[in-house]
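*Asks:* Numbering (my numbering), first residue to last: 9 to 536.
Heads up, the beta-carbon is just placed ideally off N, CA and C, and yes, glycines get one too.
I have a structure here, written as structure tokens, and I will follow up with some questions on it.
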Ligand code: CA
């Protein structure tokens, strides 16, 4: 009897679920909602308990909260470091990153936003750029109607209140007017540049920009609207000093050396303080236009300036970690190394390598899947690797956890998209607590990833090879959303469509659940 009725019961259940996507979504989606304005996380009570003990034991041993160091490389491709398949194999060896990855945790499903400013805003607010309004770089001529930082609670502000010293060295790119600078939004100290290298160097680069630099009257106008070409040193509630101006290509080629020397010196000072510290070191390289460090011309085997930049950045990373070791704080410092988006293929050959489809400016994997190396001597076991999904916004929640800042310090009139990933990163067998990653392009909701499935409802299409930003369009998909199984098709070329995945409805309905959060928590408009 049972044998006879079982198949029809299964058939009935399957049919019922297919016609009720919300229930279908619940069945597949492991995340649990615990609060109206926080992104649901996958509960892992055992690993949660284990990490709580581990962090407590460490704090007892060290006598203070851990330091947090983020190293952000600009526009480096997923496939550039040796530990992600590149390195010496593609003419630019990265021995330091490879060593750190070998001694720590190599994440293979880390996601950024698809361009610079959105990622940098997201990691410091724990919120999607569409919520904060920082959906794209602010350009000359933009009329900002509201300072987006005015009502955002930034990570450096929260960590500062929790007793941390906070420093940003390097590229900012989230606004340079007063009120939007790093030392206005929570960092104690800022030493770096407001903009991307190309914006700074184009006024002195006669080879790449002859039409600009060799026309005197063009230069007069350009100088009125250009980004600040100075190295800035600013203090919270204190002075903002212009240190030196980029006047030559050698000057721009040297910036990462100057920035690293500063960070190395500061680490010694910060390590001596009674307070823990949060340091974000954001390289200007390897964003176009790359220019050789004059002290190390032709540093890579490939000899191309992009490749020389990769080798140089890797060398600086080695020196930053050495400085932490020399200062005796390596065992109390969580280090995370990543890139803020995929390679900018429009600038090829001054561009990185990704094995995935698309590039910077797209929500295909090539634009948003980035290296993610987590290192913490004694807290992360050597040789770990995981394809657990990690959104760079999760650095916000993980850092709050390390600093002992409770989520109830955050305003309840805002939606927070981060997940605390401490139990994933700091347990040997830890699994990701994030179920869904949502992909936005400006104000357009584009795609979702759950487990190994990714579904696009809008896509960026390049009108010529590599032209993902300068010659691209945004399009709706047709009757069926473009759905890919990233395990069998990491290049997103073979849609499984409505024919070959049972989870089509699940992904679609989860996109609707996400979109619905904007009804109660509307996106902020800042005039971009
Ligand atoms: Ca970037």
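Measuring straight from C-alpha to C-alpha, what distance separates residue 350 and residue 449?
*Replies:* 14 Å
*Asks:* Taking only heavy atoms of ligand 1 into account, decide whether any of them is closer than 7 Å to the Cβ of residue 91.
*Replies:* no
*Asks:* Who does residue 121 pair with in a DSSP beta bridge?
*Replies:* Residue 121 is not bridged to any residue.
*Asks:* Could you compute how far the alpha carbon of residue 5 sits from the alpha carbon of residue 37?
*Replies:* Nothing can be reported for residue 5, as the shown portion of the chain is limited to 9 through 536.
*Asks:* Using 8 Å as the cut-off, can you tell me whether the stretch 307-324 makes contact with the stretch 49-64, which would need three or more C-beta pairs spanning the two stretches below that distance?
*Replies:* Segments in contact, no.
*Asks:* Would you identify the three-state DSSP class for residue 190, choosing helix, strand or coil?
*Replies:* coil
*Asks:* Indicate, with yes or no, if ligand 1 has a heavy atom lying under 7 Å from the CB of residue 295.
*Replies:* yes
*Asks:* I need the straight-line Cα distance from residue 510 to residue 497, nearest angstrom please.
*Replies:* 17 Å
*Asks:* Flag residue 349 as yes when its Cβ comes closer than 7 Å to any non-hydrogen atom of ligand 1, and as no otherwise.
*Replies:* yes
*Asks:* In angstroms, rounded to a whole number, what distance separates the CA positions of residue 535 and residue 140?
*Replies:* The alpha-carbon of residue 535 is positioned some 12 Å away from that of residue 140.
*Asks:* Could you please give the first and the last residue of the uninterrupted beta strand (DSSP E) stretch that includes residue 245?
*Replies:* Premise fails: residue 245 is in no beta strand (DSSP E) and is neither H nor E.
*Asks:* Leaving aside the five residues before and after residue 435 along the sequence, list all residues of the same chain whose C-beta is less than 8 Å from its C-beta, in chain order.
*Replies:* So the list reads 55, 58, 59 and 62, once near-sequence residues are dropped.
*Asks:* Considering only the beta carbon of each residue, do residue 406 and residue 425 sit closer than 8 Å?
*Replies:* Result no, Cβ atoms of residue 406 and residue 425 do not sit closer than 8 Å.
*Asks:* Please state whether DSSP places residue 524 in a helix, a strand or coil.
*Replies:* In the structure shown, residue 524 sits in a helix (DSSP, three-state: H, G or I).
*Asks:* Residues in the same chain with beta-carbon distance under 6 Å from residue 345, minus the five sequence neighbours each way, listed in chain order, please.
*Replies:* 79 and 381
*Asks:* For residue 517, is the classification buried or exposed, using 16 other Cβ atoms within 10 angstroms of its Cβ as the cut-off for buried?
*Replies:* buried
*Asks:* Just list the residues that DSSP pairs residue 200 with in beta bridges.
*Replies:* 178 and 240
*Asks:* Please return the same chain residues whose Cβ sits closer than 7 Å to the Cβ of residue 173, not counting the five positions on each side in sequence.
*Replies:* 196, 278, 281, 283 and 285
*Asks:* Does the beta-carbon of residue 233 have 16 or more other beta-carbons within 10 angstroms, so that it is buried, or is it exposed?
*Replies:* exposed
*Asks:* Tell me residue 75's beta-bridge partners as DSSP assigns them.
*Replies:* 341
*Asks:* Between residue 163 and residue 250, what straight-line distance do the alpha-carbon atoms span, to the nearest angstrom?
*Replies:* 25 Å
*Asks:* From what residue to what residue does the beta strand (DSSP E) around residue 484 run?
*Replies:* 480-484 is the extent of the beta strand (DSSP E) around residue 484.
*Asks:* Please report the straight-line C-alpha distance between residue 292 and residue 508, rounded to a whole angstrom.
*Replies:* Taking the straight line from one Cα to the other gives about 44 Å.
*Asks:* Do the CB positions of residue 220 and residue 230 come within less than 8 Å of each other?
*Replies:* yes
*Asks:* Report yes if the C-beta of residue 478 is less than 7 Å from at least one heavy atom of ligand 1; otherwise report no.
*Replies:* no
*Asks:* Figure out for me which residue from 143, 203 and 318 has the closest Cα to the Cα of residue 102.
*Replies:* 318
*Asks:* In this structure, how does DSSP classify residue 451 when only helix, strand and coil are distinguished?
*Replies:* Residue 451 falls in the coil class under three-state DSSP.
*Asks:* If you draw a straight line from the C-alpha of residue 418 to the C-alpha of residue 334, how long is it?
*Replies:* One C-alpha to the other measures close to 36 Å.
*Asks:* Considering residue 470, what are the terminal residues of the beta strand (DSSP E) in which it resides?
*Replies:* 466-470
*Asks:* Looking only at its chain, what residues have a beta carbon closer than 8 Å to the beta carbon of residue 270, apart from the 5 residues adjacent to it on each side?
*Replies:* 177 and 199
*Asks:* Residue 82: beta carbon under 7 Å from a heavy atom of ligand 1?
*Replies:* yes
*Asks:* So who's on the other strand from residue 491, going by DSSP bridges?
*Replies:* 463
*Asks:* Following a CB-centred definition, is residue 362 positioned closer than 7 Å to any heavy atom of ligand 1?
*Replies:* In this structure, the C-beta of residue 362 stays at least 7 Å away from each heavy atom of ligand 1.
*Asks:* Would you mind working out which of 486, 504 and 483 sits nearest residue 493, comparing C-alpha positions?
*Replies:* 504
*Asks:* Using the C-alpha atoms, what's the distance from residue 385 back to residue 109?
*Replies:* 12 Å
*Asks:* Going straight from the alpha carbon of residue 143 to that of residue 69, what length do you get?
*Replies:* 42 Å
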